Structures are given as C-alpha cells and as structure tokens.
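For reference, the structure is listed below as structure tokens.
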Amino acid sequence: TFDDGRESNYTVGAPMLESMGTRSLFFVVPEFVGLTAQNARDFYYSRIDIRGLAPSECGEQWTPMTPDQLADLTRRGHSIGNHTLSHVSLAGLSPSDLERQIGTSAAKISSWVQKSVEAFAWPNSWNAIKREAWDLIRKTHRFCFSPCPGTTNCSEDSPHLIWRTEIEAYYSDSEYRFMYSGLIDQIWAGKRRRLGTMLKT
Numbered sequence: 037t038f039d040d041g042r043e044s045n046y047t048v049g050a051p052m053l054e055s056m057g058t059r060s061l062f063f064v065v066p067e068f069v070g071l072t073a074q075n076a077r078d079f080y081y082s083r084i085d086i087r088g089l090a091p092s093e094c095g096e097q098w099t100p101m102t103p104d105q106l107a108d109l110t111r112r113g114h115s116i117g118n119h120t121l122s123h124v125s126l127a128g129l130s131p132s133d134l135e136r137q138i139g140t141s142a143a144k145i146s147s148w149v150q151k152s153v154e155a156f157a158w159p160n161s162w163n164a165i166k167r168e169a170w171d172l173i174r175k176t177h178r179f180c181f182s183p184c185p186g187t188t189n190c191s192e193d194s195p196h197l198i199w200r201t202e203i204e205a206y207y208s209d210s211e212y213r214f215m216y217s218g219l220i221d222q223i224w225a226g227k228r229r230r231l232g233t234m235l236k237t
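In the working numbering, the protein residues as written are 37 to 237.
Have a look at this one:
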C-alpha cells in the first residue's frame with residue numbers, strides 16, 4: 037500500500053510493481069490530488085508531512101497525482117483507496133465532518149476512477165479514530181487499514197480491520213531491518229488490543 041497520493045507512486049512505484057507482476061493499493065487524499073506548484077507544496081507540509089521539517093524544494097516530495105493518473109492506475113489493475121478528504125484525525129470530528137471526510141471523500145474518488153472505493157485507511161496515529169468514525173467506515177467501505185503494525189489474526193481480529201507496518205523512504209537501513217523483522221508486531225500488541233476493544237461491535 038502507498039499513502040497520500042504522491043505522483044512518484046504513479047511514475048516510480050506502480051511501474052516497479054508491474055515489472056514484478058503485482059499491483060498495489062494507493063490511498064489518496066482528494067483535496068491533495070490535482071493540486072499544483074505552491075498549493076501542492078503548502079498542502080503537503082501543512083496537512084500530510086507535519087514533522088516540522090523545512091519544506092523541500094524538490095517537487096517529487098510533494099507533487100500529487102492527478103485524477104487522470106488515478107483512473108489510469110485503475111485501468112492497469114491497481115486499486116485506489118480513501119485516506120480521508122483532507123488528511124485529518126477522525127477522533128474529534130462531528131458527525132457531519134465525519135461524513136465529509138469519509139463518505140464525500142469516497143464519492144469523489146469513485147467519480148474519478150469509475151469504481152466503488154472498497155478500502156479506507158485513516159491517517160496519523162493509531163488512535164486518531166473513534167467509534168462513530170469506525171461505524172461509518174464499515175458502512176461505506178469493505179476494508180479498513182490501520183496504522184498499527186501487526187499480522188491480522190482472522191480468528192480474533194475484525195474481518196474489516198487490517199493491520200499494516202509503515203515504512204518511510206527516510207528510514208535508515210537498521211530501521212528497515214527492524215520493521216521487517218516482525219519485532220515491531222510484539223511492541224504494538226497492546227495498542228492493537230486497545231484499538232480492537234474500542235472498535236468492537
């Protein structure tokens with residue numbers, strides 16, 4: 037999976053995966069998609085990459101895909117998922133704002149790719165969600181991807197919730213090795229249990 041909808045996902049990530057005979061799931065932020073120049077840069081560093089780093093002058097870092105590129109990825113067998121309308125925490129939103137961030141966002145993506153949007157991934161932290169958001173996600177999407185590392189246990193976990201391990205381009209070699217070792221799964225086990233309890237029906 038790839039988050040946010042940067043153009044490099046289209047120009048680099050997708051062709052690389054296709055060369056190996058596989059496809060991916062791209063979670064995009066509709067209010068970011070299609071922005072250009074300074075607007076794209078400002079959105080990226082105020083909403084998506086909020087680490088407080090000095091903004092890069094390299095457009096590859098913050099240039100988003102276009103709706104046409106999303107449609108092309110879909111034609112090539114990739115899937116497009118919903119990463120909220122504007123990359124916000126779902127934890128403190130009103131019902132109307134939740135509908136906008138989840139439902140309106142999915143409708144916008146669907147209009148671009150001409151397919152229903154089955155997958156959702158909430159941004160930011162593992163607990164940037166609340167029960168009301170989870171209920172709406174389950175009504176409008178088939179699967180929900182969490183920012184919690186781990187392996188999904190089909191006998192214990194919700195069939196709608198999928199854990200995933202985050203990998204960033206700026207990680208050091210040792211960080212990559214640690215994340216792929218599986219040790220991170222054990223460290224996050226308590227948070228997965230808390231999240232599962234919070235979202236349990």
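Using N, Cα and C, we set each Cβ at its ideal position, and we do this for glycine too. Every value quoted in this text rests on a predicted model; they were computed, and no experiment measured them.
Give me the residue from S132, A73 and I138 with the minimum Cα distance to P66.
The shortest Cα separation from P66 among S132, A73 and I138 belongs to I138.
Closer than 8 Å, CB to CB, is L231 near chain C or not?
In the structure shown, chain C cannot be found, because there is only a single protein chain.
Looking at H196 and P159, is the spacing between their C-beta atoms short of 8 Å?
no
Secondary structure at W162, three-state DSSP: helix, strand or coil?
coil
Simplified DSSP assignment, three categories, for R42:
strand
Measuring CB atoms only, is the segment 172 to 192 touching the segment 89 to 100, in the sense that at least three cross pairs come out at less than 8 Å?
no
Are the segment 136 to 154 and the segment 55 to 69 in contact at 8 Å, needing three or more beta carbon pairs?
With contact defined as three or more Cβ pairs closer than 8 Å, the segment 136 to 154 and the segment 55 to 69 are in contact.
In this structure, what does DSSP give as the bridge partners for R145?
As written in the sequence, residue 145 is Ile, which differs from the Arg given in the question. BP columns for I145 are empty, so no partner.
State the beta-bridge partners of S115 as determined by DSSP.
S115 pairs with L61.
With the cut-off set at 8 Å, would you say L53 and S60 are in Cβ contact?
yes
Do you know offhand how far G128's Cα is from S55's?
When rounded, the distance between both Cα atoms is 42 Å.
CA-CA distance, L126 and E202?
19 Å
What does a CB cutoff of less than 7 Å around G49 pick up in its chain, not counting 5 residues either side in sequence?
F38 and S60, listed in sequence order.
On the three-state DSSP scale, how would you describe P103?
helix
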